[in-house]
Amino acid sequence: MLNASQRFCFPNPKVTSTTKNADNWYRYYAGYSSEFVTYALGTVAPHAKTVLDPWNGTGTTTVVAAGRRLRSFGFDVNPVAVVIARARLLGSSVRGSVRALTLDIVGHATPVRLRDDPLLFWFSPDSAAQLRAIELSIHRLLVDSADSVGGPLRSAENLSGLAAFFYTALFRTVRALAIPAGGTNPTWWKRPSADNKLKVPKRVIRDTFTAIALDLGEGLHRQAFDLSTSAALAVGDSRRLPLPDNSIGAVVTSPPYCTRMDYAIATRPELAILRYGDGELTALRTSMVGTPTMTGEDAADDALGPEASAFLAAVTRHSSQASAGYYRKFYRQYYAAMKSSLTEIRRVTIPGAPVMLVVQDGYYKELHNDVPAIVADIALHSGFSSSERYDFRIPRTIAGMNSNARKYRQESSAVESVVLLQ
Numbered sequence: 019m020l021n022a023s024q025r026f027c028f029p030n031p032k033v034t035s036t037t038k039n040a041d042n043w044y045r046y047y048a049g050y051s052s053e054f055v056t057y058a059l060g061t062v063a064p065h066a067k068t069v070l071d072p073w074n075g076t077g078t079t080t081v082v083a084a085g086r087r088l089r090s091f092g093f094d095v096n097p098v099a100v101v102i103a104r105a106r107l108l109g110s111s112v113r114g115s116v117r118a119l120t121l122d123i124v125g126h127a128t129p130v131r132l133r134d135d136p137l138l139f140w141f142s143p144d145s146a147a148q149l150r151a152i153e154l155s156i157h158r159l160l161v162d163s164a165d166s167v168g169g170p171l172r173s174a175e176n177l178s179g180l181a182a183f184f185y186t187a188l189f190r191t192v193r194a195l196a197i198p199a200g201g202t203n204p205t206w207w208k209r210p211s212a213d214n215k216l217k218v219p220k221r222v223i224r225d226t227f228t229a230i231a232l233d234l235g236e237g238l239h240r241q242a243f244d245l246s247t248s249a250a251l252a253v254g255d256s257r258r259l260p261l262p263d264n265s266i267g268a269v270v271t272s273p274p275y276c277t278r279m280d281y282a283i284a285t286r287p288e289l290a291i292l293r294y295g296d297g298e299l300t301a302l303r304t305s306m307v308g309t310p311t312m313t314g315e316d317a318a319d320d321a322l323g324p325e326a327s328a329f330l331a332a333v334t335r336h337s338s339q340a341s342a343g344y345y346r347k348f349y350r351q352y353y354a355a356m357k358s359s360l361t362e363i364r365r366v367t368i369p370g371a372p373v374m375l376v377v378q379d380g381y382y383k384e385l386h387n388d389v390p391a392i393v394a395d396i397a398l399h400s401g402f403s404s405s406e407r408y409d410f411r412i413p414r415t416i417a418g419m420n421s422n423a424r425k426y427r428q429e430s431s432a433v434e435s436v437v438l439l440q
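Right under this line is the structure:
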C-alpha cells in the first residue's frame, strides 16, 4: 500500500543513446530504461514479490525483475518481442561459447528455397534461401532437429535462451540487410518490385550474421539468474492474462502508443524470420492494442469515462475528412482496448499494488490527445482507486517525424508520463 501523501522522483523513462548498453541491446519503439524499472521496483514497490509486464516488449521489466530475484511475468502478442526478451535473460556464462556456436550454425547452413518464403518480400530467391539456411540451421541445432521446415514458429516462448539469442542475432541481420529497401518511415516497409529485390552475396550474409552474433555476445554481461526467480515469458494478450486473481505485487509497463503506429509491420523483418506470411501477419495486426486496422472493439462512453468521451466527441465534430469515420473509430477502439486491459490488470493485481504505466500524449490535428489523463480516468472507472501523474518532456517521437503532425504541436517536444495507479 502506497502512502497517499508521498510523491516519487521517477527518473526519465526515456531510452537515449547515452543509456547503458543493456537498454540499447535491441531497441524497440515503446520502451523505457532499466534505471526507470530499477527505481520503480526498488522505491515504489520495494516489497513486491511478483512483477507483471503485460506489454513486455523486449523485456526490460523482466530483466530488471530477474536481477532483483523477483518472480516476473512478461507477455506480448508479438512473438518477436518474446524471443528477444528471452534472449536478454541469457547470462554471461555462455559468452565463451558464442563464437564456436556461431561458426557451427553458419557451417551447417544449407540454402533452402521455401515456397512463399516471407523473406522474398525484400530479397531475391538466392538471398532469401541463404538467410533461411541460417534460420533452419539454428532451428536444427538448438530447437528441434526433427522439425526443421514448417510453418510459423508457434512456440516462441518455449525457445531456450541460447536459441533465442541466435534468432535475435538473425533478426538484426535481416533488418540490417533490408535497410536499402526501406523508406523514410522506420516503422513501415514497402515491397520492392521484382527488379529491385535485394541481391546480397552469401559471404556478406554470413559475415553480417557472424559479426552481429559476436557483438551481441559481448553484451552478455549478466550472471545466470536463479531458476527459482526466473521470468515466465509467453505470447499473451493484455486483455486476457493467464494469471489468477490478486496474484501480482507490482506492474511496470508501457502500452502501445496511440499514434496509429503498426507494430506488426514495424517488425516485419523479424516476423519473416519466424516464417510469418501475409495471413499470419494480418492476424497479428488485428490482435494488437493500438492497431490502425479496424477490429470492431468498442466500449460504452460511461465505461471509458468523461476524459475519453470528451476527446472522442471533439474528434467526431472535427471538420477534417474522415474525422467522424475512421479516426473516431480508431481512437474509440484504442481506448476500448485500454479499458479491457486495465480491467484485466486490476483483476490480477493484489489490492493496493502499484501499477506504473509509461504513456505518451499526442494530437489529432489541433486537438490534444491527453493520453495520460484519459488512461488515468479509464483506470478509475476500471476498479483502481487512485492515480498520480509524472510528466517528462521528450524531444523526438515517431509521430513527430510526420511534418503534417508537427504543425499542430506548439512545442517540438512531446510529453511522456508515468501514470501511477493503485
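In this text, residue positions in the sequence shown follow the working numbering: the first is 19, and each later residue adds one.
Beta carbons: idealized from backbone N, C-alpha and C, even for Gly.
All values derive from a computational prediction rather than experimental measurement.
Between which residues of its own chain and residue i is the CB-CB distance below 6 Å, once the five residues before and five after are set aside?
i, result
"threonine 79", "Val55, Asp71, Val270"
"valine 389", "Cys276, Val377, Asp379"
"alanine 355", "Val307, Glu315"
"threonine 311", "Arg303, Thr304"
Based on DSSP bridge pairs, tell me the residues matched to residue i.
i, result
"glycine 92", "Asp71, Leu251"
"isoleucine 412", "Ala432"
"tyrosine 382", "Leu385"
"threonine 271", "Leu375"
Could you check what DSSP says for residue i in three-state terms: helix, strand or coil?
i, result
"glycine 1", "With the chain running from 19 to 440 in the structure shown, residue 1 is simply not present."
"tyrosine 44", "coil"
"glutamate 406", "strand"
"leucine 439", "strand"
"asparagine 176", "helix"
"alanine 394", "helix"
"leucine 238", "coil"
"phenylalanine 26", "coil"
"isoleucine 266", "strand"
"leucine 322", "helix"
"leucine 137", "helix"
"arginine 293", "coil"
When every heavy atom of the ligand SAM is checked, does at least one fall within less than 6 Å of the C-beta of residue i?
i, result
"proline 31", "No copy of the ligand SAM appears in this structure; indeed no ligand is present at all."
Quick check on residue i - is its C-beta less than 7 Å from some C-beta in chain D?
i, result
"leucine 385", "Protein chain content of the structure displayed is limited to a single chain, and chain D is not contained in it."
For residue i, which residues of its own chain have a beta-carbon under 7 Å away from its beta-carbon, when the five flanking residues on both sides are left out?
i, result
"arginine 86", "Leu59"
"alanine 397", "Leu360, Ser405, Leu439"
"alanine 391", "Glu325"
"serine 327", "Asp319"
"lysine 347", "Met312"
Do you know offhand how far residue i's Cα is from residue j's?
i, j, result
"tyrosine 57", "proline 29", "8 Å"
"alanine 442", "arginine 133", "Any question about residue 442 goes unanswered here, given that the chain covers just 19 to 440."
"aspartate 135", "serine 142", "11 Å"
"tryptophan 207", "alanine 284", "7 Å"
"glutamine 24", "methionine 374", "15 Å"
"glutamine 351", "glycine 125", "48 Å"
"threonine 68", "threonine 128", "44 Å"
"alanine 371", "aspartate 316", "28 Å"
"arginine 257", "proline 198", "37 Å"
"serine 248", "isoleucine 152", "29 Å"
"histidine 336", "threonine 309", "22 Å"
"alanine 105", "serine 272", "20 Å"
Among the options, which has the Cα closest to the Cα of residue i?
i, options, result
"leucine 441", "Val98, Ala187, Val366", "Any question about residue 441 goes unanswered here, given that the chain covers just 19 to 440."
"alanine 250", "Asn387, Lys217, Asp94, Pro210", "Asp94"
"asparagine 214", "Gly380, Lys383, Ser145", "Ser145"
"alanine 231", "Asp162, Leu216, Arg117, Pro369", "Arg117"
"glycine 179", "Lys357, Gly77, Ile152", "Gly77"
"isoleucine 412", "Gln24, Ser341, Val33", "Val33"
"serine 409", "Thr304, Leu292, Ser403, Val433", "The residue you asked about is not serine; residue 409 is aspartate in the sequence shown. It is Val433."
Within the same chain, show all residues whose beta-carbon is closer than 8 Å to that of residue i, passing over the 5 residues directly before and after it, in chain order.
i, result
"glycine 323", "Ile392, Asp395, Ile396, Leu398, His399"
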